[in-house]
Structures are given as structure tokens and as C-alpha cells.
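K.L.:
Protein chains in written order, with my numbering: chain Z, 1 to 115; chain R, 1001 to 1724.
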Amino acid sequence: MNALVKEPAVIWTDVGAVTDIPRRGARRVPSPRGDIAVFRTGDGQVFALMDACPHKGGPLSQGIVHGAAVTCPLHGRVIDLATGEATGVDRGTGCAPVVPLEVRDGRLFLGLVGG
Amino acid sequence: MTASRERLVVIGNGMAGCRAVEDILKRDPDRYEITIFGAEPRVNYNRIMLSPVLAGEKSFDDIVINDAAWYAEHGITLHAGRAVTAINRELKVVEAEGGLSVGYDKLILATGSDPVRLPLPGADLKGVVTFRDLDDVDQMVAAADAGGAAVVIGGGLLGLEAAYGLARRGMKATVVHLMDVLMERQLDSAAGFLLTEALAERGVETVLSAQSEAILGEDGRVTGLKLQDGRILPCSILVMAVGIRPNTALAKACGLPVGRGVMVDDQMRTGDADIWAVGECAEHRGVAYGLVAPIWDMCRTLAAAITGDDAAAYEGSLLSTRLKVSGVDVFSAGAFAGGEGCEDIVFRDAGRGVYKRVVLQDGKVAGAVLFGDAADGGWYFDLMRQGADVRDIRETLIFGQAITEGLSGLDPSAAVAAMSDDQEVCGCNGVCKGQITTAITSQGLTTLDAVRGVTKASASCGSCTPLVEKLLKLTLGDDFQAQTGPAPMCKCTHHTHDLVRQAILAQELKSIPAVMQAMEWTTPEGCASCRPALNYYLVCAWPGEYQDDKQSRFINERVHANIQKDGTYSVVPRMWGGMTTPDELRAIADVADKFSIPAVKVTGGQRIDLLGVKKDDLPAVWADLNAAGMVSGHAYAKGLRTVKTCVGSDWCRFGTQDSTGLGMRLEKFMWGSWTPAKVKLGVSGCPRNCAEATCKDVGVICVDSGYEIHVAAPPACTSAGPRS
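1) Using only CA atoms, which one of Z/His-66, Z/Gly-67, Z/Ile-79, Z/Asp-20 lies nearest to Z/Leu-49?
2) If we count the other Cβ atoms within 10 Å of its Cβ and call it buried at 16 or more, is R/Tyr-1707 buried or exposed?
3) Could one say the Cβ of Z/Phe-47 lies closer than 9 Å to chain R's Cβ atoms, at least one of them?
4) What number of angstroms, rounded off, separates the C-alpha of R/Val-1093 from the C-alpha of R/Gly-1081?
5) So for R/Glu-1205, helix, strand or coil by DSSP?
6) Taking three-plus beta-carbon pairs below 8 Å as touching, is the segment 1231-1243 of chain R in contact with the segment 1266-1277 of chain R?
7) Quick one: what's R/Leu-1134 bridged to in DSSP?
8) Taking R/Thr-1223 as the reference, give the member of R/Gly-1604, R/Asp-1272, R/Ala-1541, R/Leu-1125 with the closest Cα.
9) Can you give, in chain order, each stretch of the alpha helix (DSSP H) that sits fully within the segment 1614-1656 of chain R and has at least 4 residues?
10) Would a check of beta-carbon distances place R/Thr-1725 closer than 9 Å to chain Z?
11) Would you call the segment 1165-1184 of chain R and the segment 1060-1076 of chain R touching, i.e. three or more CB-CB distances under 8 Å?
12) At a CB-CB cut-off below 9 Å, which residues of chain Z make contact with R/Pro-1524?
13) Going along chain R, which residues have a C-beta under 8 Å from Z/Pro-22?
14) Cutting at 8 Å between CB atoms, please list the residues of its own chain near R/Trp-1296, excluding the five before and the five after it.
15) Considering just the uninterrupted stretch of the beta strand (DSSP E) at Z/Ala-26, what are its terminal residues?
16) Taking Cβ-Cβ distances shorter than 9 Å, what residues in chain R pair up with Z/Thr-71?
17) Starting from Z/Pro-59, find everything on chain R with Cβ-Cβ shorter than 7 Å and list it in chain order.
18) In terms of alpha-carbon separation, which member of R/Glu-1201, R/Phe-1669, R/Asp-1135 lies closest to R/Gly-1353?
19) To the nearest whole angstrom, what separates the beta carbons of Z/Val-89 and Z/Leu-81, a pair I think is in contact under 8 Å?
20) Compare the C-beta of Z/Val-15 against all C-beta atoms of chain R and say whether one is closer than 9 Å.
21) For R/Thr-1111, which residues of its own chain have a beta-carbon under 7 Å away from its beta-carbon, when the five flanking residues on both sides are left out?
22) In whole angstroms, what is the alpha-carbon distance linking R/Cys-1432 and R/Lys-1678?
23) Starting from R/Trp-1521, follow the alpha helix (DSSP H) in both directions and report where the run begins and ends.
24) Mind checking if Z/Glu-102 is an interface residue toward chain R, Cβ cutoff 9 Å exclusive?
25) Could you name the residues of the same chain whose beta carbon sits closer than 6 Å to that of R/Leu-1472, not counting the 5 residues immediately before and after it, in chain order?
26) Taking only beta carbons into account, state which residues of the segment 1451-1468 of chain R come closer than 9 Å to chain Z, listed in chain order.
27) Is it buried or exposed for Z/Arg-117, if we count other Cβ within 10 angstroms and need 16 for buried?
28) Can you round the beta-carbon distance between R/Val-1084 and R/Glu-1095 to whole angstroms, since I take them to be within the 8 Å contact cut?
29) Taking the alpha carbon of R/Val-1683 as the reference point, which residue from R/Arg-1653, R/Asp-1617, R/Gly-1578, R/Leu-1618 has its own alpha carbon closest?
30) Starting from R/Ile-1440, find everything on chain Z with Cβ-Cβ shorter than 8 Å and list it in chain order.
31) Counting C-beta neighbours from all protein chains within 10 Å, is the total for R/Asn-1556 16 or more, i.e. buried, or is it exposed?
32) Look up R/Tyr-1546 in the DSSP assignment and say whether it is helix, strand or coil.
33) List, in order along the chain, the chain Z residues whose C-beta lies closer than 8 Å to that of R/Phe-1554?
34) Got a sec? Which residues, its chain only, sit under 7 Å from R/Thr-1455 by beta carbon, not counting five neighbours each side?
35) By how many angstroms is the C-alpha of R/Gln-1443 removed from the C-alpha of R/Leu-1199?
36) Thinking R/Met-1384 and R/Val-1365 are a contact (beta carbons under 8 Å), I'd like their distance in whole angstroms, please.
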């Protein structure tokens, strides 16, 4: 993992303005490695995860966002937006990979590994 | 040492006498100095088990109730083999054979009964016996050892048991019965017929409607029985089992009131305040009993009364009978002669040789006759004694307790207990019984929520919640406290849905944050469960004023399609009352082609489902469908979904009214309205109910004279959650 991050091949890609995502909402960004879900919480924080629930691959971008978590629309797994981990009773049952995300001048940049 | 104790004398060392003493000792072991007289030269034994002794299925030792040690242990003086000859009430003394006289303060008569001996010519021949005590049994066994034939006069309980016992011992046994049905006081003719057959299989022949005329003999010993029709039944032993007569000679001789038996009051007292009577020798309210159960009841009352409980009272007994013939299961209780207001429920299984009949009167069990499968006899008898109203269980009553109570849930844990560990409890999450019970015991879970948390059982649609609760109860026993009262909305609050809705109106709460603040939500923004609910409640409470919160709506409602397991969606255009047109179908086909929609299906609600639509295509799909005049079928909504109809009087030769038209009008009237859960309707044009209207939230069945309206019978799921 560290080895990958050290590679200079991370390409920061502008995917839109923070305000393009409603508070307590999400947007889906297609990528060569699969869809990425970008979330904006009620208090304005943003997060990015691979858009697949660790349970059955449900599109997390379509779920209801509450606090710093999203509930998967398929079976109701609650996923921590910061870590991608399933929470509560499902803790430890899997993880949606976190995608690097930076905000620069109100714009969202996803850190996509080159290729 | 014994001067202070009252002297109690019991005449009769049989079942009643000894049981009465046992019951007295239980209540007040030191009150009496007890003397028992027994005419038989042995300790107390269980007379009703003489039949198995005769049949060789038990030995005498097996049926001894109280051995010599018992008498010694309780300081009881037993005069066995000494018949009492007189009672002197003035001197309060009983006199026995051999000049023995014993004084009493209290006297109990438990003299039992004597078998009736028919006054037939030859009745005094050797080999003519009754079936009452061990001596009779010994004579029968001796005769059986010599082989040959036996005749039993009397096709009642005792006679049949005697005949069966003799057959078991290798004799050719024949029962001669005066009536045309065996055990006619306990059985009806159907059960009597089956009994006759069952006995024949066991080597007991039956001669019914037979009047005995004379007992034949040679050299002072019985050789046969002659019937009035001239038939002669040869035998080397003849048993008379034609009934019993209460033994009242002593009571009569000392001037006590005697009817059929020694008359007693409800405390089992005779006409003399210090003399009591119990068992077969007693007559209570005009009835002299010959079965054991009422004798136990009498003994209990007598023991209470004689040890100072003035409130004790015997009020008579209902009778039930079981035949003690191996492999022949017969039970009878109560009245079955029928009569006004009586109804019969009858079950027969020819293959198994089962006949059951339960007689009802005024909604209660009045009697029961069971043949071949008498396992539920006790249950019917209980229902009878309790006078229980059985109208509600009438349908299954005849199938017995297990089925009836299994269905009505009287013993709800039985079915759960019977489940195997690998049986699935929660079908949504695939959780088996064993996983749940293991989690409960290994992690000390005590609540439904904890079980849901750990195992996920009942955490989805919730329809298995009762089952999980029963498992908790079964596993924890009394430690389990079922959640009482209405459940809170979700884990973010302690308040119920109702309370929150009331507060929204009363406190004029007009936004989700306002509700959460006022109602002290425990989470900052609620969860995926409470937010959609609050959004709905606020829309309902403040229409036009409240701003719908799209982020608190489930994805389906936002995109007007149903999310599927692969993240694609299904689209269902509305078809009013299930009616469509070629144009609509063409438009749907065009959309399916244009967007490469992989699956097209007819739904249960009489619409067409387009499955596998990519989310990005949804706006264009809906644009095309809208252009063709179609709107959403709201297949995802907490609102009106479908109104299913049949073609009704427009086309159907049976239709009584225009069910299609009514369904369309209902759908157009109600569509777009929001409800707390999904709502489905159905309209059938006649009682054939092709639209399955009776399993809808509201179902209409058109009949010639109007409409039948059925409410609240949705088919399956208890949840209107994000299933569809």
C-alpha cells in the first residue's frame, strides 16, 4: 500500500465543485477502476469511497447519508465514510476502499492511481 | 402414651380403605391410632391391576400398594384375613371373627362391593368364579394351566379383561353378553363393533344378545354354559362378570341408612356422625361408583373432613373408562347417547382401525368415545370436567390436543423447541436456530435488539420477530423480558412513531432538525430509518409549507424506479386497473429496445416491469414513457401501488358488475397519495375472486346486490421497507 502511495503516478483529477453535491448527499464518478462515490455530509465534510458496499456490492452513492456514515440502499449496512468500514454489528465484515480526496478552492480532486 | 389419641378403625383393607388412611396420614399423621380390618389375608394391593396379573403381564408383587413395612412404619394394626362380623354403635366397638373386638372413636366403612352372582342353575359348581380378588385370579390361572375353553358372562369392562387374560393364558375364551354391544354403557355401537373385531384378533370370541340359561357340570365341576337359544358353550372355567353390588351388610345390620350402598353426605359421613363410608360400598347422591377415580376423590374429602376441615365436600364425579387390554386402546367418558342439542364430531380411519367420536352439547364436550387411538382421552375428559367452551377449537377438536393447541398457539414454545438447530429462522439474512441460541447463551444476550445486532435475525423484514422472541424465551426462561409497549421509531430516539407525530403537530415542528431537537434525538442527523419517516410525517403535517427533503428519501423515490441487487433499476409504468392499449405496449417495447433493457416481466399487480435499467438511462426512459402517456406505477412508493381487477361484466359471463371500471376509478382517485406503507387494492367482479381481492389491503368483491368490502388482509410481508 505504502509502495503504491509513494509512486508519483497518482493523478489528481478535478471532478467538480463541492457544492455540486447536496449536503447529506453523494455523487457517483466513473473511473477505470470502477465507480467512485463522493459524499458530502451535513456539516460539509467530503469523503470518497469505491462505490461498492463490502456486503453485496450495493451502490453506496445511492444511500442515505447521516452523520459521517451512509446506509447502503440494498441491505442497510451502515458504512463509515472516513474508513469505508462497516459499522455497528457488521464491524469487521469488510471495507469499501477509501479513495484519496482533496478540496482545493472549493473543487473536489480525486487522487486516481495512474493507468 | 396413646391415651390422648383417638382410635380410628377402618373396615376394609382395599383400595378405598388404604387410600383413605394414606390421605389422613398426609394431613395429620399423629391424630389417630389406626386399626385396619381386611377380609383378604394379605396386604393392600391395586385391585384394578388384577387384569394384567391374570393376563400374565404383571405379578402380584407388582401390584402391592402398601407392604407390611408400611403398616409397621405408621403404627397401623392390620387384621388381615379377619372379617368384621358386627358393629356395636352404642358401645362403639367392632367385632371380628375369632372373638376379636376393637373399640373406636371414629369408624370408616370401606367394605367395597361383592361381585354379582347370577342365580343360574349350576352356579355353585366348581370352576364358576367371579373376578374380584386375587383368589379368583388364582383359580382362573389354575384352570388356564390345564388348557381348554373359558366362558365369561358379561361383556363389560371387567368381563372383557377377564376373557382377554384367559386368552392370553392360552384358553379359548368366549364372552357371552346380554346386550347387542360390548361395554354398552361406555361405547356406542360403532366402537363396540370395532372392539368385537379387535378382541377376535386376540383370541376372544363374542356372543352378543345371548341369555344364559344354565351352567352345565359333571362331577361337581363346570363343563359348559347353555344359552336360551339352545347353544352350548363348553368350558372348564366360567367367570361371572355381570356387575357389582355394594357390600352393605354390616351397615344394614347396625341400622345405618342404606340404599344401593351405605348412604353418605358430601363429607362421606353416614347416618352416624362417627361412622364414615368411602369407596364402592358408599352411595353418594344416589350414585354408587365402581371405578377408581371417584374413589380417590371420596378419600380426599373424607380425609379432610375427618381431620377437621369442615369445608371439604365431595360433589360427585364424572366418569371416564379405559379398557386394560393390551393393544386395544379404548376410552370413554360422559354421555354419548345423543339427544336434544347434542352434536357429534366423528373421525374414522379404516386403515388404522381408529374411531373417535366427541359429543358436543351447547358448545361443550359432553362425552367422548375413542377406539384405536385414545391418547387424547384425558384431554377430552379435562375439557369436559372444566366445562370448557370448545366452539373456537371445534374444527380441530377431533384431531386431538397436539394439533388443536399447536394451531391455536396455546403452547407456542413447543413448535420452536422442536425446531432443529440448522433450521432457518430468518429467511432474509439466512440465520438458523442454532446460531441464535448459541449467540444468546455464549454472549449473554437478553433482548431482541441484541439478538438482531449480533445475528441479524429479524433485522430485515421483521416477519420472524415472534419466532426470535420465542427462542429468547425458550433459551432464557424467566430471564427474558419481552419488550412491552410500542417500540420506539428507531435507535435514534426513545419515542414512538405516534408520539413523534403528535409532537410535530402540537409543537408545530416544521423541519427534521426541529423535530430532532425538540424530541431529543440521540444522533445528530438521525439514520436511514427515521429520516424518511420524519420527512413523511412533516409532509403530511405541513403540506405546502414543509420543504420535502430529497436527501431523506430512499433512492427509489428519488429516481422513480426500484433499485435491484446489481445496482440497476426496474421501471414500472402505471396501467390503470391493469388495462393497457396496443399503443402503450408499443411504447414500452420501443423503450426496451432503445435502452437495451434486458428483462421485461408482467407483475403480480397487472403491470409491466422493465428490469435492468441503468441509472443514467432512467430520465430518458421516463421521458419516452411519459411521452406515450404513461406515468409511474409507484412500484416503490409508500402510497397506492396497484388496483388489480378482473374483466368483470364487460366481458366475463359470470361478472356481476363492472369491476374493471371500478378498479380504474379507485386507482385514479387514490394514486399519488402518500400512506405510511404501501397500499394495494383489488376488485373482483364476482365471488370467484379472480383478482384475488381478499388478500389486498382493501378488496372489493362485486356481487349482484352490491359489494363486499374486505379490509386489511395483505398477503405476506409485515414490512413496507425497502423491499420493492
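Glycine included, C-beta positions come from ideal geometry on N, C-alpha and C. Just so it is clear, the structure is predicted and the values come from calculations on it, not from any experiment.
P.N.:
To lay it out plainly:
1) Z/Ile-79
2) It is exposed - the Cβ of R/Tyr-1707 has fewer than 16 other Cβ atoms within 10 Å.
3) no
4) Whole-angstrom Cα-Cα distance: 19 Å.
5) strand
6) no
7) Beta-bridge pairing links R/Leu-1134 to no other residue.
8) R/Leu-1125
9) When DSSP assignments are scanned along the segment 1614-1656 of chain R, the uninterrupted stretches of alpha helix (DSSP H) that are 4 or more residues long and fall wholly within it turn out to be 1618-1627, 1648-1651.
10) The requested residue 1725 of chain R does not occur in the structure, where chain R is confined to residues 1001 to 1724.
11) no
12) Gly-42, Asp-43, His-66, Gly-67
13) Lys-1550, Gln-1551
14) Excluding positions up to five away in sequence, the list reads Arg-1019.
15) 25-29
16) Cys-1527, Ala-1528, Ser-1529
17) Gly-1567
18) R/Glu-1201
19) Wrong, their Cβ atoms sit about 18 Å apart, outside the cutoff.
20) no
21) Cβ within range, chain order: Ile-1011, Gly-1012, Asn-1247, Leu-1250, Cys-1281.
22) 29 Å
23) Taken as a continuous stretch (DSSP letters only), R/Trp-1521 belongs to no alpha helix (DSSP H), as it is neither H nor E.
24) no
25) Within the same chain, Cβ atoms closer than 6 Å to the Cβ of R/Leu-1472 are found at Phe-1480, the five residues on either side in sequence being excluded.
26) Arg-1452, Gly-1453, Val-1454, Thr-1455, Lys-1456, Ala-1459, Ser-1460
27) Outside the modelled stretch of chain Z, which goes from 1 to 115, sits residue 117 of chain Z, for which no answer is possible.
28) Sure, about 7 Å apart at Cβ, within 8 Å.
29) Taking only the C-alpha atoms, the option nearest R/Val-1683 is R/Gly-1578.
30) Ordered by position in chain Z, no residue passes the 8 Å Cβ test against R/Ile-1440, which lies about 15 Å from the chain.
31) buried
32) In the three-state reduction of the DSSP assignment, R/Tyr-1546 falls in the coil class, being assigned neither a helical nor a strand state.
33) Ile-64, Pro-73
34) Cβ within range, chain order: Val-1431, Gln-1435, Ile-1436, Ala-1439.
35) When rounded, the distance between both Cα atoms is 59 Å.
36) 5 Å
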